[in-house]
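Chemist: Counting along the sequence shown from 1, when you hit position 327 you're at 327 in the UniProt record's numbering, and nothing is skipped either side.
Glycine included, every Cβ here is placed at the ideal spot set by N, Cα and C.
One structure follows; several queries about it will come next.
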Amino acid sequence: MEPVVLNRERAAADRLKRMPILFDDYRDEDFYGLPRKYSIVARVEVKFPIEPRFRDRQHFVLSDINGAKIEAITYMYETVKHFDNLLHEKHVYKMHNVKFSLHPGEFNFRHLNGPMELCLDQQTIVEPYTVPIQMAPFPKQILLNLADIAELPNRTLVDIMAVVVHLDTIHRTMWGPFRKIVIMDARGYLHIIKVWGDLLNKNALRWALAKVDYGIIIGNMFRRFRRQECLESSDHTAIHFNPFHHNTHHFRPIQKALVALNNPLSESVVKSVYKKNVNIFLTMTCNPNWDEIRRELLPGQTSQDRPDLVVRVFHAKLQELKHRLTKQDILGKVRAYVYVVEFQKRGLPHAHFLLIMQRKYKLTCPEQYDLLIPAEIPSNKYPKLRKMVIKHMMHGPCGSLNPNCPCTKGRKSCKNHYPRSFSDTTLQGKDSYPIYRRRDDDRKEKVRGCELDNRWVVPYNPYLLRLFNCHINVEACGSIKAVKYLFKYIYKGHDRASVVMRYASKADDDVDEIKQYRDARWVTPPEALWRIYGFELSQISPPVMQLQLHLPNMHMVAFHERQMVERVVNRPGVDRSMLTSYFEENRLHEEARGILYRDFPEWYTWQSGKGKVWQRRKRDTGGQVGRIVSAHPAEGERYYLRVLLNHVTGAASYVDLRTVDGVTLPTFREATERRGLLESDNTLDECLTERALFQMPSSLRRLFATILVYCEPSDVAVLWQKHKDSMSEDYQHKSQNKTHVEQMVLIDIRNMLQSMGKDIKTFPLPPMIDAYDDAIGTAREVYEEESIQPTVEDVSLKDSLNEEQRAAYDKIMSAVDTDQGGLFFVDGPGGTGKTYLYRVLLATLRNQGKIAVAIATSGVAASIMPGGRTAHSRFKIPLTIDDGAVCSFTKQSGTAELLRKASLIIWDEASMTKRQAVEALDNSMRDIMGRPALPFGGKTIVFGGDFRQVLPVVRKGSRAQVVASSLRMSYLWESMSHLKLVSNMRAKNDPWFAEFLLRVGGGTEETNSDGDIRLPDDVCVPYSGSDNDLDNLIDFAFPNLNENMSDSTYITSRAILSTRNDWVDMINVKMIDRFQGEHMVYHSFDSAMDDPHNYYPPEFLNTLTPNGLPPHVLKLKIGCPVILLRNIDPANGLCNGTRLVVRGFQRNSIDAEIVLGQHVGKRIFLPRIPLCPSDEEMFPFQFKRKQFPVRLSFAMTVNKAQGQTIPNVGVYLPEPVFSHGQLYVALSRATARSNIKILVIPAVDGRKKSRKGVKKTPTVDCGTYTKNIVYKEVLTN
């Protein structure tokens, strides 16, 4: 016999004699020899319940000491009963007289390396194995992820390590029940899988039914059906998956998605954060050298020897920190918070806090950051604080000073970006993260052998650092974008570790890395003791309640599997749920009918053990945050039911939800559409049909052009064919030739599209016939300007100029007439007649046949000037602009030709625009004029403005950033000739008021000890602390409202001003409720683009109202004033800021009239258009809102009001102004003291409270004071 064969047989004989035998010792060829029985030592990993259908069979999954697994099966009823009582999960047994069997036709578990299974029969002897033995904690093979499983051969026993991230409800189909589950496998990949099977709630898929707590679960599945990507258990329950489907993502890129899954903790925080902005992120790390720890150690012990002591002390410190933050309000009053405790690799615990502050205590500017969060080494004046900063708050050294530092190892620089750059002031930063003040003040300290300065300091709070004497990092969260980074800390899951196990007896070169590798969870002694003590790992306030959602008679009922169905059905209260009890409360109690289902937990508590009822809260504890469980649009009626519950109050049954305007509809979808909560497929068609009834073909053509440009129609040709007759009614009266009529309509639409910046050839409309087209070769922009005819009134204004205006007029006209060019800046306080001067200049030049271009920074200011346009729409200035930028038009464009032909360009409210926008126009004009050495290519440019008024808006910018962005700091400033207007024409009948305005604008008005100025008593509404104060202000600004509601002059000659959009919206809602007449409520259709998994549900998106977007709920009445929010057709008066009055409305369109500017009286039709925030970095997703682009304008922000005269003004200041010039702008809109009233809500000292905690009513006889912010460095004096 060959030596090789002989040796192999001897090895096989030795293997079979081994006791106990290992599963890997058995080979397929052994089965074909004489039948043999073996002894094994194995642990019962899985014991499947006996199925009622197959009581003569039971399955087990066993593992040997190497971790290899095999299925064991027993037959016959008595034998099954015997082993069911004998074997228990996770117990180790020694089994004699077991045999291996081959059943290739059965779909059962197989041994990993072969088609074998283990049989237990009547001769098998089982005894507990009491000898100490270390069973393998995980399978012998590497724990596979689903992508690797897909490559395995069929009928392979596999082990899945997965984290259950999300459990969907059970869906029942004609193919049987299934459940969608989101899991994260051992490699950190997310998968959406479907689980099928009759016994879905039992047996092999217990791991899939685990609580969603991110716990690690081991599942045992059988790899089968390679083509169908299926895993199956022995009870034929299957998992279907496709690891290469688009639903499979890497964990990190969709970290934000995890937060929006069905975990109520995470989603509620995201909603709160996106809605209100997190203000403070705080990290506290345990200090093992705390005195409380050191004095309890025995001689020779270290803190590492007493993890129990470390944990208890840190827990006590953590509770003290939470008390100081939330009860003592050391950083301000906290509205909501969440914290999570984690454990470092070396074992020290640390906690991450997210604090959402009340509005009054939010950090809104870098100056406020500096008050709470320094990032510098303290001076020697504070030796204890300096010592603690050096000990706890110095990063590194790392980078080139210490390449082996963990934050630098394997990288070119520190992953935390240390050392930071020096900065003299705190800035917001381009990526929305604060750049803290780190001055180069020569303060240096030697830390761990290296000399470090302020660039290495981790931001901290001095009070907290002194109090807790540990590393306690405090960060200001300046924007929502920072939330994505912060939530990585809070929801990143358990710590992981890669463990390598080596045999000491093996040589160093004999290494099998695959077999040695273990992917495990890292649990340190402090973490183990934290869990043993039962300390909380996380906490959220206010708490979140999941609200049940189900269709009629389809709610879930919990019962034991052995209970009889009749008993379950007849159990008291089985027919009740959260939702049906909510209906009952609405039916029985009137006070409940005004509360949405999702807001119910704020006012009621759910009594699940007391008859399943909602009970009214007896104490005002802040309630709970309610959240209706999610439903995907693919779920149909359940999804539409959820939409209705999020918008409809007072429903007493499902039928009430389906009833709209007294008509009961058959489905929830139809009810949703009828209420305007769901966009129908033919919205644009209905919009045109509604407006065709008014027989205004010219306005209908403009509406059609607007739809083409802004509404993204899916089938333009069908809309054209259906509505061309309605759009051509006026031309049909003039001509009977259908071709001629059609061409006239197309020419009209062509011209409208051109004024909106679009070409008709890009749309699938009938071709233009040249014979009917009499268009001239002049560029559209030039033609529009040349078509503007000055009014006789404007031409005659020249004779009434005062001396200052006349001097400025003569200088500017001299530069125009001599064609020498020049830069002028008309500087004058509000009311000195700057707009009056512009109208004279424009009328004079246009009357001479010259082109004068009028633009303004804001739409409101542009609408006042004849032919006025906003600067961004006229010059194509980019919204996001940096130094050295240029405008978006080309040398060959119509805009370039207009600028070359223009004799004068007037830019009003230039003090409001960023200098980069003006410099971009300068760069472009030097290029197109071919004169790069001259400012603006040698053209005559007149800028106008008042630096006492509001400066450019720099989001979250510091004072230095705002000042640096103003025109005053531009290189062009020194080239400008300054023309001053001093006489206040607006308030000439009240000279004292005019002088008072100048003192307020210049910052010279006398202040008290708090730096506040006193307002004149006769312009203040007395503050009493009641809701009537605001009503009194409204009554002053809008007296006899309902008697004058049809008078557009009355509506547009008065407004209430405030500093924040929230207060403006509140006043507008209050005003529209006062306004009498028929109303219409429009709901927006909101979506997050590229969100196929519905991570951002509609009810969350509905709560967002970014600047420049209309609200989700828009309530309008006939005659109410609105303001346009988009540049739709600037050439025809439809620009951002145009004031309109509503004349009519339908479900899909609004009829409005322009009431200010040169296009006054023009009627327009507005459709819903998709709108996106201008600031793309505002949210970590692309947000789109489809709504009418208008907002009520009874009240408006101070910034919107700049540049216009408002005869009757009310000013509402619940909080002091927060930016330069806001108070001055608000006061200077009025023409006299008698035409303005101010309501100031005084700041009430929190200490001045009665014993019951009720705030005392402040006295009003001491005068009204408020803050006045003036940046004197920007003033021109």
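#1: On a Cα-Cα basis, can you pick out the residue from Val447, Phe60 and Asp882 that is closest to Phe83?
#2: Using only alpha-carbon positions, find the residue among Phe1181, Asp946 and Ala1088 that is nearest to Gln1222.
#3: Please look up how many angstroms separate the CB atoms of Leu1030 and Leu1239, rounded, as I've assumed it's under 8 Å.
#4: To the nearest whole angstrom, what separates the beta carbons of Val310 and Ile377, a pair I think is in contact under 8 Å?
#5: Going by alpha carbons, who is nearest to Arg675 out of Asp656, Leu981, Leu684 and Ala920?
#6: To the nearest angstrom, how far is the alpha carbon of Thr762 from that of Met985?
#7: Would Leu677 and His647 be called neighbours here (beta carbons separated by less than 8 Å)?
#8: Name the two residues that bound the continuous alpha helix (DSSP H) containing Cys687.
#9: Once you ignore the five residues that flank Ser966 on each side, which residues in its own chain have a CB closer than 8 Å to its CB?
#10: Per DSSP, what are the beta-bridge partners of His171 in this structure?
#11: In angstroms with no decimal places, state the Cα-to-Cα distance between Val80 and Thr74.
#12: Need the endpoints of the alpha helix (DSSP H) that Gly894 sits in, please.
#13: If you measure between the beta carbons of Ile906 and Tyr838, is that distance less than 8 Å?
#14: Just the Cα atoms here: how many angstroms apart are Lys738 and Tyr772?
#15: Quick one: Cα of Ile390 to Cα of Thr1103, how far?
#16: Could you tell me if Ser1048 is buried or exposed, where buried requires 16 or more neighbouring beta carbons within 10 angstroms of its beta carbon?
#17: What does a CB cutoff of less than 7 Å around Val963 pick up in its chain, not counting 5 residues either side in sequence?
#18: Which term fits Tyr382, buried or exposed, when burial requires 16 or more other beta carbons within 10 angstroms of its beta carbon?
#19: What residue from Gly534, Thr605, Ala592 and Ile595 has the CA that sits closest to Val544's CA?
#20: Three-state secondary structure (DSSP) at Ser977?
#21: Inspect the beta-carbon positions of Gly867 and Ala854 and report whether they are closer than 8 Å.
#22: Which runs of the alpha helix (DSSP H) fall wholly inside the UniProt domain "Helitron helicase-like" (277-355) and span at least 4 residues, in chain order?
#23: Report buried or exposed for Phe422, applying the criterion of at least 16 other Cβ atoms within 10 angstroms of its Cβ.
#24: Going by the beta-carbon positions, is the gap between Lys94 and Val44 smaller than 8 Å?
#25: Where does Gln1146 sit, in a helix, a strand or coil, going by DSSP?
#26: Please work out which residues of its chain come closer than 6 Å, Cβ to Cβ, to Ile1236, disregarding the five sequence neighbours upstream and downstream, and give them in chain order.
#27: Nearest-angstrom Cα distance between Thr667 and Glu679?
#28: Would you decide whether Gly849 is buried or exposed? Buried here means 16 or more other CB atoms lie within 10 Å of its CB.
#29: My assumption, with CB atoms under 8 Å, is that Arg437 sits in contact with Asp424. Please give the rounded CB distance.
#30: Should Arg223 be labelled buried (16 or more other beta-carbon atoms within 10 Å of its own) or exposed?
#31: Label Asn263 either buried or exposed according to how many other C-beta atoms from any shown protein chain fall within 10 Å of its C-beta, with 16 as the threshold for buried.
#32: Run through DSSP, which three-state label would Thr1264 get?
#33: Just reading off the alpha helix (DSSP H) that Ala631 is part of, what are its end residues?
#34: Which partner residues of Trp614 appear in the DSSP bridge assignment?
#35: Suppose contacts are defined by Cβ-Cβ distances below 8 Å. Is Tyr339 in contact with Phe353 by that definition?
#36: CA-CA distance, Glu784 and Leu703?
Modeler: Here's the rundown:
#1: Phe60
#2: Asp946
#3: 7 Å
#4: Contact doesn't hold; Cβ gap of about 29 Å is too wide.
#5: Asp656
#6: 50 Å
#7: yes
#8: Thr683 to Ala692
#9: Ser911, Lys914, Arg915, Phe947, Leu951, Pro952 and Val1274
#10: Phe178
#11: 6 Å
#12: Gly894 to Lys901
#13: yes
#14: 12 Å
#15: 44 Å
#16: buried
#17: Met969, Tyr1271, Glu1273 and Val1274
#18: exposed
#19: Thr605
#20: strand
#21: yes
#22: 291-294 and 307-326
#23: exposed
#24: no
#25: coil
#26: Val1019, Val1209 and Ala1230
#27: 16 Å
#28: exposed
#29: 7 Å
#30: Residue confidence is low: Arg223 scores 45 on pLDDT, short of 50, so the model does not pin down where it sits. No coordinate-derived value is stated.
#31: Any reading at Asn263 is ruled out, since the residue's pLDDT is 39, under 50, leaving its predicted position unreliable.
#32: strand
#33: Careful: Ala631 lies outside any alpha helix (DSSP H) and carries neither H nor E.
#34: Trp606
#35: yes
#36: 20 Å
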